[in-house]
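Asker: Just passing along the structure, written as structure tokens.
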Amino acid sequence: MSDVELIVLDDAEAVAEAVAQRLARAVADGGNVVLTGGSTPKLAYERAAAIAPDWRGIEVWWGDERCVPAEDERSNYGMAKAALLDRLEHPPAAVHRIFGEAGRDEGAALYEEELGSEALGLVLLGVGPDGHVASLFPGAVTLDETERRAVGAEAGHEPFVDRVTLTLPALRGAAEVLFLLTGEEKADAARRAFAQDPDAATPASLVRAESGRTVAILDRVAAAAIDA
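Heads up, the sequence shown is in the working numbering, so the first residue is 503 and it goes up one at a time.
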């Protein structure tokens, strides 16, 4: 798998701006974009909607979802809808949300059927303080999946609800994997994900685009332990 290109910026706002610019580039290129949840992506989505308001050439997917209704405040789809989709002048050609309310097994089956053999372009991923990525948690059985592109997952941290998540094969098949990390609480996870050998204890360390590009954009405090 390819190495990770590390980009270290001053603060969370700079990271959000850089991610927004990369989203704008993906919109210009067309294809499939995979979104993620979290506070830093939320700011990036708001800025992306302002600088690239026409998403007609894009189809939108999600890397994972909580098994809650779309209007639930814990929904990754709901956050992206409010921060990005509802702000666009021209919406995406298609929005492929994960039906988390169907439950983790049925939701995963529905999502995998919809994914089919679609080639994923830009995949955005946050990294949890424990090193998890999407809803692939440290040491979980979901890390052993080699065939399916989407599976159900048990909650690995708050909020403690079941999940639907893309698998390692699906994430590794992306044209570009883009990690975004901000905050001191992510520093140890960043070190383990990007400066140590791959390990199931740090799922983010297992995600690299096999035939594409892998980039991590971090603020200075999140990157502080990488060279330590």
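Here a beta-carbon is modelled for each residue, glycine too, at the ideal position from N, C-alpha and C.
1. Less than 8 Å between the CB atoms is what I'm expecting for residue 711 and residue 676, so what's the real figure, rounded?
2. If the criterion is Cβ atoms closer than 8 Å, does the pair residue 560 and residue 529 meet it?
3. In three-state terms, what does DSSP make of residue 627?
4. Go through its chain and collect everything with a Cβ distance to residue 632's Cβ below 6 Å, but skip five positions before and after it.
5. Looking at the strands, I want to know which residues DSSP matches up with residue 534.
6. Grab me the residues of residue 503's own chain with a C-beta within less than 6 Å of its C-beta, minus the 5 sequence neighbours each way, in chain order.
7. Does the stretch 587–599 come within contact of the stretch 641–657, defined as at least 3 CB pairs closer than 8 Å?
8. What do you reckon, are the CB atoms on residue 542 and residue 627 nearer than 8 Å?
9. Could you tell me which residues DSSP pairs with residue 592 in its beta bridges?
10. Contact between the stretch 604–617 and the stretch 663–676: three or more CB pairs below 8 Å?
11. Report all residues from its chain with a CB closer than 7 Å to the CB of residue 657; omit the five preceding and five following residues, and keep chain order.
12. From this set, 716, 525 and 606, which residue's C-alpha is nearest residue 556's C-alpha?
13. Could you tell me the distance, in whole angstroms, from the CA atom of residue 661 to the CA atom of residue 576?
14. With respect to the alpha helix (DSSP H) encompassing residue 609, which residues constitute its N-terminal and C-terminal limits?
Answerer: A quick look at the data gives this:
1. Taking the sequence shown and counting its residues from 1, one reaches residue 711 at position 209. Taking the sequence shown and counting its residues from 1, one reaches residue 676 at position 174. Confirmed, about 5 Å.
2. Here residue 560 refers to the residue found at position 58 of the sequence shown. Here residue 529 refers to the residue found at position 27 of the sequence shown. Yes, the Cβ-Cβ distance between residue 560 and residue 529 is below 8 Å.
3. Taking the first residue of the sequence shown as 1, we reach residue 627 at position 125. Residue state, collapsed to three classes: strand.
4. Against the sequence shown, residue 632 aligns to sequence position 130. Around residue 632: 640.
5. The residue labelled residue 534 in the question sits at position 32 within the sequence shown. Its beta-bridge partners are 561.
6. Locating residue 503 in the sequence shown gives position 1, where the first residue counts as 1. Any reading at residue 503 must be qualified, since the residue scores a pLDDT of 44, below 50, and its modelled position is unreliable; the value itself is stated next. The answer, listed in chain order, is 710 and 712.
7. no
8. Position 40 of the sequence shown, counted from the first residue, corresponds to residue 542. Position 125 of the sequence shown, counted from the first residue, corresponds to residue 627. Contact flag unset, no.
9. Looking up residue 592 in the sequence shown gives position 90. 556.
10. yes
11. Translated into the one-based positions of the sequence shown, residue 657 becomes position 155. Closer than 7 Å at Cβ, skipping near neighbours: 663, 664 and 665.
12. As a working note, residue 556 is residue 54 in the sequence shown. Closest by alpha carbon: 525.
13. Taking the sequence shown and counting its residues from 1, the one referred to as residue 661 is at position 159. Taking the sequence shown and counting its residues from 1, the one referred to as residue 576 is at position 74. So the two alpha carbons sit approximately 8 Å from each other.
14. Translated into the one-based positions of the sequence shown, residue 609 becomes position 107. Its alpha helix (DSSP H) spans residues 606–617.
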